[in-house]
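S.K.:
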Amino acid sequence: MLATLTVTDLRQKLAAGEVSPREAVQAVADAAAARDGALGGYLTLTSAQIASALALADLADVTLPLGGVPIAVKDAIAVAGDPCTCASKILAGYVSPYDATAIARLRAAGAIPLGRTNMDEFAMGSATENSGFFPAHNPRDPERTPGGSSGGSATVVAADTAFAALGSDTGGSIRQPASFTGIVGLKPSYGRISRHGLVAFASSLEGIGPMTKTVRDAALLLQVMAGHDPLDSTSLDAPVPDFLASLDDGVRGLKIGLPREYFIEGIAPGVRAAVDATVNRLAAAGAEVVELSLPHTEYAVATYYIIATAEASSNLARFDGVRYGHRAAQPADLTDLYTRTRAEGFGPEVKRRIILGTYVLSSGYYDAFYVKAQKVRTLIRRDFTEAFAKVDLIASPVTPTTAWKLGTFTDNPLQTYLADIFTIAANLAGACGISVPCGLSDGLPVGFQLLGPPLAETTLLRAAQAVELP
Amino acid sequence: MKAPALDVRYVARLARLDLTADEAERFQAQLTDVLGYIAALDRLDVTGLEPTLHAEDPHTVTRPDVARDGLPPGAALANAPASNAGLFLTPRVVE
Numbered sequence: 245m246l247a248t249l250t251v252t253d254l255r256q257k258l259a260a261g262e263v264s265p266r267e268a269v270q271a272v273a274d275a276a277a278a279r280d281g282a283l284g285g286y287l288t289l290t291s292a293q294i295a296s297a298l299a300l301a302d303l304a305d306v307t308l309p310l311g312g313v314p315i316a317v318k319d320a321i322a323v324a325g326d327p328c329t330c331a332s333k334i335l336a337g338y339v340s341p342y343d344a345t346a347i348a349r350l351r352a353a354g355a356i357p358l359g360r361t362n363m364d365e366f367a368m369g370s371a372t373e374n375s376g377f378f379p380a381h382n383p384r385d386p387e388r389t390p391g392g393s394s395g396g397s398a399t400v401v402a403a404d405t406a407f408a409a410l411g412s413d414t415g416g417s418i419r420q421p422a423s424f425t426g427i428v429g430l431k432p433s434y435g436r437i438s439r440h441g442l443v444a445f446a447s448s449l450e451g452i453g454p455m456t457k458t459v460r461d462a463a464l465l466l467q468v469m470a471g472h473d474p475l476d477s478t479s480l481d482a483p484v485p486d487f488l489a490s491l492d493d494g495v496r497g498l499k500i501g502l503p504r505e506y507f508i509e510g511i512a513p514g515v516r517a518a519v520d521a522t523v524n525r526l527a528a529a530g531a532e533v534v535e536l537s538l539p540h541t542e543y544a545v546a547t548y549y550i551i552a553t554a555e556a557s558s559n560l561a562r563f564d565g566v567r568y569g570h571r572a573a574q575p576a577d578l579t580d581l582y583t584r585t586r587a588e589g590f591g592p593e594v595k596r597r598i599i600l601g602t603y604v605l606s607s608g609y610y611d612a613f614y615v616k617a618q619k620v621r622t623l624i625r626r627d628f629t630e631a632f633a634k635v636d637l638i639a640s641p642v643t644p645t646t647a648w649k650l651g652t653f654t655d656n657p658l659q660t661y662l663a664d665i666f667t668i669a670a671n672l673a674g675a676c677g678i679s680v681p682c683g684l685s686d687g688l689p690v691g692f693q694l695l696g697p698p699l700a701e702t703t704l705l706r707a708a709q710a711v712e713l714p
Numbered sequence: 136m137k138a139p140a141l142d143v144r145y146v147a148r149l150a151r152l153d154l155t156a157d158e159a160e161r162f163q164a165q166l167t168d169v170l171g172y173i174a175a176l177d178r179l180d181v182t183g184l185e186p187t188l189h190a191e192d193p194h195t196v197t198r199p200d201v202a203r204d205g206l207p208p209g210a211a212l213a214n215a216p217a218s219n220a221g222l223f224l225t226p227r228v229v230e
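Those protein sequences? They're chains H and S, same order as listed. Residue numbers are given in our numbering: position 300 of the first sequence equals residue 544, and the series is strictly consecutive. Residue numbers are given in our numbering: position 36 of the second sequence equals residue 171, and the series is strictly consecutive.
(1) Is there at least one Cβ from chain S nearer than 8 Å to residue 644 of chain H's Cβ?
(2) Between which two residues does the beta strand (DSSP E) harbouring residue 409 of chain H extend?
(3) Does the beta-carbon of residue 373 of chain H have 16 or more other beta-carbons within 10 angstroms, so that it is buried, or is it exposed?
(4) Which residues of the segment 594-607 of chain H have a Cβ closer than 7 Å to any Cβ of chain S? Give them in chain order.
(5) From the DSSP output, in three-state form, read off residue 613 of chain H for me.
(6) Tell me which same chain residues have a C-beta within less than 6 Å of the C-beta of residue 517 of chain H, skipping the five on either side of it?
(7) Nearest chain S C-beta to residue 587 of chain H closer than 8 Å, yes or no?
(8) Could you please give me the residues that DSSP links to residue 649 of chain H through a beta bridge?
(9) Is the distance from the Cβ of residue 307 of chain H to the Cβ of residue 441 of chain H below 8 Å?
(10) In this structure, does DSSP put residue 634 of chain H in helix, strand or coil?
(11) Starting from residue 165 of chain S, follow the alpha helix (DSSP H) in both directions and report where the run begins and ends.
(12) Is residue 202 of chain S close to chain H, meaning its C-beta is less than 8 Å from at least one C-beta of that chain?
(13) Per DSSP, which residues does residue 684 of chain H bridge with? Please list them.
(14) What residues are listed by DSSP as bridge partners for residue 535 of chain H?
(15) When DSSP labels each residue in this structure, what does residue 455 of chain H get in the three-state scheme?
(16) Going by the DSSP bridge assignment, what does residue 698 of chain H pair with across the sheet?
(17) With 7 Å as the limit, tell me which residues of the segment 424-448 of chain H have their beta carbon closer than that to any beta carbon of chain S; keep them in chain order.
(18) For a contact meaning CB atoms closer than 7 Å, what does residue 167 of chain S contact in chain H?
(19) Let's test the definition: count the other Cβ atoms within 10 Å of the Cβ of residue 634 of chain H and tell me whether it reaches 16, buried, or not, exposed.
(20) Quick check on residue 214 of chain S - is its C-beta less than 8 Å from some C-beta in chain H?
(21) If you count every other CB in all the chains shown that lies within 10 Å of the CB of residue 698 of chain H, and 16 or more means buried, which is it?
(22) Are any of the Cβ atoms in chain S nearer than 8 Å to that of residue 484 of chain H?
(23) Unbroken beta strand (DSSP E) runs of length 3 or more, entirely within the segment 298-384 of chain H: which are they?
(24) How many Å lie between residue 514 of chain H and residue 247 of chain H at the Cα?
(25) Looking at C-beta atoms only, is the number of pairs between the segment 431-451 of chain H and the segment 671-691 of chain H that lie closer than 8 Å three or more?
(26) Report, in whole angstroms, the separation of the C-beta atoms of residue 405 of chain H and residue 285 of chain H, which I expect to be a contact under 8 Å.
(27) Specify whether the segment 602-613 of chain H and the segment 534-548 of chain H touch according to this definition: at least 3 beta carbon pairs, one from each stretch, less than 8 Å apart.
(28) Got a sec? Which residues, its chain only, sit under 6 Å from residue 371 of chain H by beta carbon, not counting five neighbours each side?
(29) Just verifying my parser: in three-state terms, what is the DSSP assignment at residue 678 of chain H?
(30) List, in order along the chain, the chain S residues whose C-beta lies closer than 8 Å to that of residue 547 of chain H?
(31) Would you kindly report the start and end of the unbroken alpha helix (DSSP H) that includes residue 594 of chain H?
(32) Would a C-beta distance cut-off of 8 Å place residue 316 of chain H and residue 397 of chain H closer than the cut-off?
(33) Taking 7 Å as the limit between beta carbons, can you name the residues of its chain near residue 444 of chain H, skipping five residues before and five after?
(34) Label residue 649 of chain H either buried or exposed according to how many other C-beta atoms from any shown protein chain fall within 10 Å of its C-beta, with 16 as the threshold for buried.
(35) Between residue 191 of chain S and chain H, is any beta-carbon pair separated by less than 8 Å?
(36) Quick check on this structure: which residue in H:656, H:641, H:496, H:671 has the alpha carbon closest to the alpha carbon of residue 690 of chain H?
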């Protein structure tokens, strides 16, 4: 079936004329029609969107790096003419007037953005249960979550209702859903891919990244999207290497660190077994595996939930009913417009985080919380800098458990925050990271995490390629 | 960071968020839990440390002082809940 192809294999067939771009788009549409209704991976994949994509397909140049390849897009990334709701009622009806830079670069490489994928509202969550519209389901077991916040993107790639998808990662939101659904999820170094057109939640932590069936596909998408962007003042002004050139070079001579704080009690035995087996495979393939310490790991979740919520409270102030999105009916005055619009439009998790973020920034508490958290962030970043002076990459589980059943943590936000323990520090440090499927535990996918220093995606992808199971 | 005195209703007003009585009660309890967890940072001595505001080293980014096109007015107004004559409409602001 065409829809089960990887991007790499699809490109080959498109270039050889065995498959047309129109057929590729139609394959996504047909697969989604057959399977996505029960899974909720897409928030929207309308006949109008499909018709637009077919029109683009007919004009596609298959000699381009991604010519004719449809790619699903998380509903927080702007695609001109498409909805961009961030899975929130407050943006219901909003249509993007411009392309995100990442999307413009994909288009320039011939790719066709197709469909808006489900997510936790404003990227706040780890299960896509905080979607303002409906939850997504894990294709491996539809009673379970695909993870979050890029759960919809993970679902469509894992279910072969998309060839590849874009996600975003603020505290693990690409890597954790990739782990839960058994696909590859790459979080590039902060600033590697422009954030222009990614709706802002936590500006110093987040970024766009590819979610794909294989490591090679992830490298291909990164190659197209990466690079300095004058429209994003935080984008790295660093050269973009050829991420594919050394992909198959193997891990001989690489030093890989195992942080003892990431290999603790409380990791499900099946997860631990799959991760340990993968570490052994890396050692057998010639990597030198050493133990090390990231001593401030236990403070990462607390630090994140001060910084991320503070930034969110600021970034989400723009949703006020004035220029776009939902507006409360018959406002009595401007304040009523703001308070009722936001009360009606935002879901509970978003409200909680806005309140927490406002609190930690408020007069009398700013130094005690926000400034303090920024100083702890210095310690966490230093842990990684010192570790990467000793090793090339860090390896760990992605999550302590496999995917949980939908509804497990309803109304218990703190418990879901704690599940991010292994992914969150990388965002605080600006590191790059990837989740690669490394086996199953009771039939559920387990992800293997590799982390690298900023700008080390070439090494990261090379090791991920070596770890990838056939 | 003493035992945090989070008054959810007060902070919600700062954030221009209406809360129902049920939400206020629920969030008060849930956020008190989260703040209790966050209090773990009290164990750390951060004397003498610089804050890290960003993943990369802070530096000023400039661009050439040359005019360039922005979003056209039509596009900027296209998603407006209420607009007229090229302007966003809001309730009266000045009495």
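A virtual CB, placed ideally from N, CA and C, is assigned to each residue, including glycine. Since the model is a prediction, treat every value here as computed from it, not as a measurement.
M.R.: Let me spell this out:
(1) Taking the first sequence and counting its residues from 1, one reaches residue 644 of chain H at position 400. No, its Cβ sits nowhere closer than 8 Å to a Cβ of chain S.
(2) Stepping through the first sequence from its first residue, residue 409 of chain H is reached at position 165. 409-413 is the extent of the beta strand (DSSP E) around residue 409 of chain H.
(3) Taking the first sequence and counting its residues from 1, one reaches residue 373 of chain H at position 129. Counting Cβ neighbours within 10 Å, residue 373 of chain H comes out buried, since at least 16 surround it.
(4) 595, 596, 598, 599, 600, 602, 603, 606
(5) On the first sequence, residue 613 of chain H is found 369 positions in, with the first residue counted as 1. Helix at residue 613 of chain H.
(6) Within the first sequence, numbered from 1, the residue matching residue 517 of chain H stands at position 273. Within the same chain, and ignoring the five residues on either side of residue 517 of chain H in sequence, no residue has its Cβ closer than 6 Å to its Cβ.
(7) For the purposes of this step, residue 587 of chain H is taken as residue 343 along the first sequence, with counting starting at 1. Chain S, which has a Cβ nearer than 8 Å to the Cβ of residue 587 of chain H, makes this yes.
(8) In the first sequence, the residue the question calls residue 649 of chain H occupies position 405. Partner(s): H:388.
(9) Position 63 of the first sequence, counted from the first residue, corresponds to residue 307 of chain H. Position 197 of the first sequence, counted from the first residue, corresponds to residue 441 of chain H. Cβ distance not < 8 Å, so residue 307 of chain H and residue 441 of chain H don't count as in contact.
(10) If you number the first sequence from 1, residue 634 of chain H lands on position 390. Residue 634 of chain H: helix per DSSP, three-state reduction.
(11) Stepping through the second sequence from its first residue, residue 165 of chain S is reached at position 30. Segment 156-173, the alpha helix (DSSP H) holding residue 165 of chain S.
(12) Sequence index remark: in the second sequence, residue 202 of chain S carries index 67 (1-based). It does not: the Cβ of residue 202 of chain S has no partner Cβ on chain H nearer than 8 Å.
(13) Counted from its first residue, the first sequence places residue 684 of chain H at position 440. According to DSSP, which records beta bridges pairwise, residue 684 of chain H is partnered with H:689.
(14) As a position in the first sequence, residue 535 of chain H is number 291, starting the count at 1. Residue 535 of chain H is bridged to H:502.
(15) On the first sequence, position 211 is the one that residue 455 of chain H refers to. Strand at residue 455 of chain H.
(16) Here residue 698 of chain H refers to the residue found at position 454 of the first sequence. Looking at the DSSP assignment, residue 698 of chain H forms no beta bridge with any residue, so it has no partner.
(17) 434, 435, 448
(18) Here residue 167 of chain S refers to the residue found at position 32 when the second sequence is read from its first residue. Here the premise fails: no neighbours, minimum Cβ distance about 10 Å.
(19) What you label residue 634 of chain H is simply residue 390 of the first sequence in a count that begins at 1. So residue 634 of chain H ends up on the exposed side.
(20) Indexing the second sequence from 1 puts residue 214 of chain S at position 79. Yes, its Cβ sits closer than 8 Å to a Cβ of chain H.
(21) As a position in the first sequence, residue 698 of chain H is number 454, starting the count at 1. With 16 or more Cβ atoms within 10 Å of its Cβ, residue 698 of chain H is classed as buried.
(22) Here residue 484 of chain H refers to the residue found at position 240 of the first sequence. So, not an interface residue.
(23) 314-318, 356-361
(24) In the first sequence, residue 514 of chain H corresponds to position 270, counting from 1. In the first sequence, residue 247 of chain H corresponds to position 3, counting from 1. One C-alpha to the other measures close to 31 Å.
(25) yes
(26) Indexing the first sequence from 1 puts residue 405 of chain H at position 161. Indexing the first sequence from 1 puts residue 285 of chain H at position 41. About 6 Å separates the two Cβ atoms, so the contact holds.
(27) no
(28) For the purposes of this step, residue 371 of chain H is identified with residue 127 of the first sequence, where counting begins at 1. Excluding positions up to five away in sequence, the list reads 389, 392.
(29) The count along the first sequence starts at 1 and reaches residue 678 of chain H at position 434. Here residue 678 of chain H sits in strand by DSSP.
(30) Residue numbering aside, residue 547 of chain H sits at position 303 when the first sequence is read from its first letter. Ordered by position in chain S, the residues that pass the 8 Å Cβ test against residue 547 of chain H are 176.
(31) Taking the first sequence and counting its residues from 1, one reaches residue 594 of chain H at position 350. Element bounds for residue 594 of chain H: 592-605.
(32) Here the question's residue 316 of chain H lines up with position 72 in the first sequence. Here the question's residue 397 of chain H lines up with position 153 in the first sequence. Going by C-beta atoms, residue 316 of chain H is nearer than 8 Å to residue 397 of chain H.
(33) One-based indexing of the first sequence puts residue 444 of chain H at position 200. 559, listed in sequence order.
(34) Residue mapping note: residue 649 of chain H aligns to position 405 of the first sequence, counting from 1. Looking at its Cβ environment, which holds fewer than 16 other Cβ atoms inside 10 Å, residue 649 of chain H is exposed.
(35) Working through the second sequence from its first residue, we reach residue 191 of chain S at position 56. Under the Cβ criterion of 8 Å, residue 191 of chain S is counted among the residues facing chain H.
(36) Position 446 of the first sequence holds residue 690 of chain H. Comparing Cα positions, the closest option is H:641.
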